Structure formats: structure tokens, C-alpha cells
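Chemist:
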Amino acid sequence: MRAVWNLHLATFLFFLAYGLTVPTLPLYLKDEGIGAAWIGWAVALMPLAGLTLRPFGGWAADGWSRKKPSLIGLALGALSGLLYLGPLPLVLAGRFVQGAAMALFAPSSLAITSDLVPEHLVGRVMGTRNLILGIGVMTGTAVGGFVVDFWGFKAVWLLVFLLQAAWLPLLALGVPETLKEPSRNRWWANFGAVLRDRLILAPTLANTGFAAVFSILQTFYPLALTGAGFRAAWVGAFLAFYGMVSVVFRLPAGYLADRFEAGWVALAGFVSATLGLVLLWVFPLPPLAFAAGFFMGAGAGLYLPANIVAVTRAARPELRGSAFSLFTASWDLGGLLGPPLGSVVAAGLGLEAVFPMIATGGLLTTLAYLALRRRRG
């Protein structure tokens, strides 16, 4: 289990670095003179890169190495921090490189973890991983706002570099290669097999919908709060609060997914997250917005690990890299679709129109998930 904890810590630092950019990048782009209509497109560079490279990441984890894509992903994440330190064109390139890092690190590290863990412990180990991931994102979003207020944007970008570069040698030395028989299939054959499995497809599509919703929230809620006179620290505090609630629910979600059918645990999370989005529409500003943040965080804390457990149990061992590549691509696809759609709505109807948009998106995603499960039955 030492190797699993090494992966957990690498995951923590990787997503801590990502979390630092969540509240700060939209504010930096705004300071650089980019309007709301274009900020969403700039933020979407990360999921665009991730979505483009996920097929390669999945093939690499099944047909080349489980370990090497994780190492390359962590190195690219560190490189993105250096690019963020440069002028605006390099910042945009850094956003793209950060997406490439996610495309390699996320599926391969999940595949290694699933290889190392006994079947009866999958739920609690994946719950722990999501707990640690959530702590990383939560800490990053909270720290990012304060760092900007006290030391400026360049201090944030330097942290993005240092946090990931520091763990590279420890990951290289402390995690074994778990791919014993590389797949000889073409990448599209592996993905075709994964797509035909509804137990993988249902959580993947639902994850896409909520990734789009939360990417809109993360892109435009900072602009709404600062536009209403709140400082960047308030932005980080709100995002960190619902991240903290999510973290609290992730470990119990793993145990529930071990004991009950993971799909129903995920459904409870979708319902809670949708309720939180509706409450945010009604109460968009602090302190009442934190009530919405509680339900959003509880929902994410339930559905994220439950979905991963569902995919782990459904995927054949030789296809785990491709299955996790497809599943984690749902974050990229949602993140790619969400901010540009939010940009169109914000530019045409104003920032306040984003709130009913994301509440409706959560409701429609939950209904689609229910329909797909019913069809499967």
C-alpha cells in the first residue's frame, strides 16, 4: 500500500496546483483586459487539450506503460506553471499544457491504483483518493485567492510549478510498473469496447454534464462576486467551502459504494448537487450562497467516487487505461463545452443569467442519467 499512498500524495499535489488556478486564472485574464465573452474560451483551452489527448493517454496506459504517463503528466503540470509566469500568449499555452498534463496523469494514475488494490477494497481506496484529490483542489482554491491578494499572480504560478516538480523523483522511485501485458489493440478498438458497456457509459455521460455545469460556475462565479464588490479572497473561500464539504463526503461515499450499488450512490449525489445549484440561483451572494455550496459539495462528494468505483468494477483489467481515459475525458468535454456556453449567455444576457443556466443543466443531467439507467434495466 506504500505505492498507493505515493500515488495519493502525487494526486494531492497535482490537483492542489490545479486548484490554485481555478479562482485566479479568470481574474488574471480579466486584469489583462480580456472580456467575459472570451474568458470562457481561454479557460476552455485546458479541457480542449485534455479531450484531444485522452485517446493517447488511454492507449499509453494500456499499451505502453501505466507509470510513465503519470510521470510525464506531472512534469507537464510543472511546466505549465513556468509558462503561466510569462506574457499572455505563454499563459494561454500554459493552460493548454495543463490540460495535456491532466490527460496523461489522471487515467494512468487511476489505472495503477486499480491494479494495486484488492477488489473488496476498491470503494474505500477510491474514496480515499477522491478525498485527497478534493483536499488538494479545495486547498488550492482557498490559497489561490489569498496569494493573489497578498503577493500577486506570479506567486500563484510559481507555486503551480514547485508543487509538481518537487514530487517527480519520489513518484519515479516509489511506484512500480503494473502493466504486465501491454494491449496490442488499436486505441479505437479499446474505446469501442468501453463505449459499449453501459455501466461505464452512464457515469461517464453524467459526469460530463456536471463537469460542464461546475466549469461554468468556476469560470463566471468569480466574476459575479468581484463585480458585486467582493474581494478575491471571498471567491477562494466559497470555492474552498464547497470543496471542503465535498471532501467530507468522499470517504463515506467510497464505503457506501462498497456496500451498495455504486450507481444509486452517484444518483443521490446528482440530486444533492442539483439542489445546491438551484439554491445558488436564488441566493447567489455570500453568506447565503454558502448554503448552496453545502449541497453542491455534498453532491460532488457522493457522485465523484461512486462513479469511479462503477467504472473500476465494470472495466476489464486490460482495458482499465482506456476506460479511465474515457471517463476522465468527461471532465474535459464538460469543461470544454461549459465555459464557452457560459460566455455566450453572459455576453448576451448578463452574468446573472448564468445561475439559472447551471441549475437547469444539473437537472437535465440528472434526468438523463435516470433515463439511461432505466433503459439499461
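So for the sequence shown, the UniProt record's numbering puts the first residue at 1; every next one is plus one.
Cβ coordinates follow ideal geometry from the N, Cα and C atoms, glycine included.
All values reported here derive from a predicted model rather than from experimental measurement.
Pick helix, strand or coil for Trp167, following the three-state DSSP scheme.
Modeler: coil
Chemist: Can you tell me whether Gly361 is buried or exposed, with buried defined as 16 or more other CB within 10 angstroms of its CB?
Modeler: buried
Chemist: Using three-state DSSP, classify Asn6 as helix, strand or coil.
Modeler: Looking at Asn6 - three-state DSSP - the assignment turns out to be helix.
Chemist: Can you tell me whether DSSP reads Leu85 as helix, strand or coil?
Modeler: When secondary structure is reduced to three states using DSSP, Leu85 falls in the coil class, being assigned neither helix nor strand.
Chemist: Can you give the beta carbon distance from Val22 to Leu239, rounded, assuming they're within the 8 Å contact cut?
Modeler: 6 Å
Chemist: Mark Leu120 as exposed unless 16 or more other C-beta atoms lie within 10 angstroms of its C-beta, in which case mark it buried.
Modeler: The question names Leu, but residue 120 is His in the sequence shown. Exposed: under 16 other Cβ atoms inside 10 Å.
Chemist: What separation, rounded to the nearest whole angstrom, lies between the Cα atoms of Pro339 and Gln218?
Modeler: 9 Å
Chemist: Work out the CA separation of Leu133 and Gly301 for me, nearest whole Å.
Modeler: 11 Å
Chemist: Please confirm if the region 339 to 357 is in contact with the region 199 to 219, defined as three or more CB-CB distances below 8 Å between the two stretches.
Modeler: yes
Chemist: Residue 381 and Ala262: beta carbons closer than 7 Å?
Modeler: Because the chain is modelled from 1 through 377, residue 381 falls outside the range shown and cannot be assessed.
Chemist: Is the number of C-beta pairs between the region 164 to 180 and the region 286 to 306 that are closer than 8 Å three or more?
Modeler: Taking a cut-off of 8 Å on C-beta distances, the region 164 to 180 does not touch the region 286 to 306, as fewer than three cross pairs fall below it.
Chemist: Quick check for students: name the residue ranges of the alpha helix (DSSP H) that lie wholly in the region 34 to 78, counting only runs of 4 or more.
Modeler: 36 to 43, 45 to 63
Chemist: My output table needs one value for Glu352: the three-state DSSP class, helix, strand or coil.
Modeler: helix
Chemist: Return the Cβ separation of Phe12 and Gly99 in integer angstroms, given the expectation that the two are a contact with Cβ distance under 8 Å.
Modeler: Not quite, the Cβ-Cβ distance comes to about 20 Å (not below 8 Å), so this is no contact.
Chemist: Identify the continuous alpha helix (DSSP H) that holds Met296 and give its terminal residues.
Modeler: That run of the alpha helix (DSSP H) goes 289 to 314.
Chemist: What does the alpha-carbon distance come out to for the pair Thr312 and Asp258?
Modeler: 12 Å
Chemist: Rounding to the nearest angstrom, what Cα-Cα distance links Lys68 and Pro252 in this structure?
Modeler: C-alpha separation (whole angstroms): 31 Å.
Chemist: Of all the options Val265, Leu27, Met1, which has the alpha carbon lying nearest to the alpha carbon of Tyr369?
Modeler: Val265
Chemist: Using the three-state DSSP reduction, which class does Lys180 fall into: helix, strand or coil?
Modeler: coil
Chemist: Just to confirm before moving on: does the CB-CB distance between Leu29 and Ile39 stay below 7 Å?
Modeler: yes
Chemist: Could you check where the alpha helix (DSSP H) with Phe214 kicks off and where it finishes?
Modeler: 198 to 227
Chemist: Can you tell me which of the three DSSP states Thr283 falls into?
Modeler: As written in the sequence, residue 283 is Phe, which differs from the Thr given in the question. Looking at Phe283 - three-state DSSP - the assignment turns out to be coil, as it is neither helix nor strand.
Chemist: Out of Leu199, Val117, Ala142, state which residue places its alpha-carbon closest to the alpha-carbon of Asn307.
Modeler: Leu199
Chemist: Which two residues bound the contiguous alpha helix (DSSP H) that contains Leu121?
Modeler: Premise fails: Leu121 is in no alpha helix (DSSP H) and is neither H nor E.
Chemist: Between the region 219 to 232 and the region 283 to 299, can you find at least three pairs of beta-carbon atoms closer than 8 Å?
Modeler: yes
Chemist: How many angstroms separate the CA atom of Thr141 from the CA atom of Leu16?
Modeler: 8 Å
Chemist: How far does the alpha helix (DSSP H) with Met1 in it extend, from its first residue to its last?
Modeler: Per DSSP, Met1 lies in no alpha helix (DSSP H) segment and is marked neither H nor E.
Chemist: Pick out whichever of Gly335, Ala111, Phe270 has its Cα sitting closest to the Cα of Ser325.
Modeler: Ala111
Chemist: Taking a contact to mean a Cβ-Cβ separation below 7 Å, would you say Gly144 touches Thr24 in this structure?
Modeler: yes
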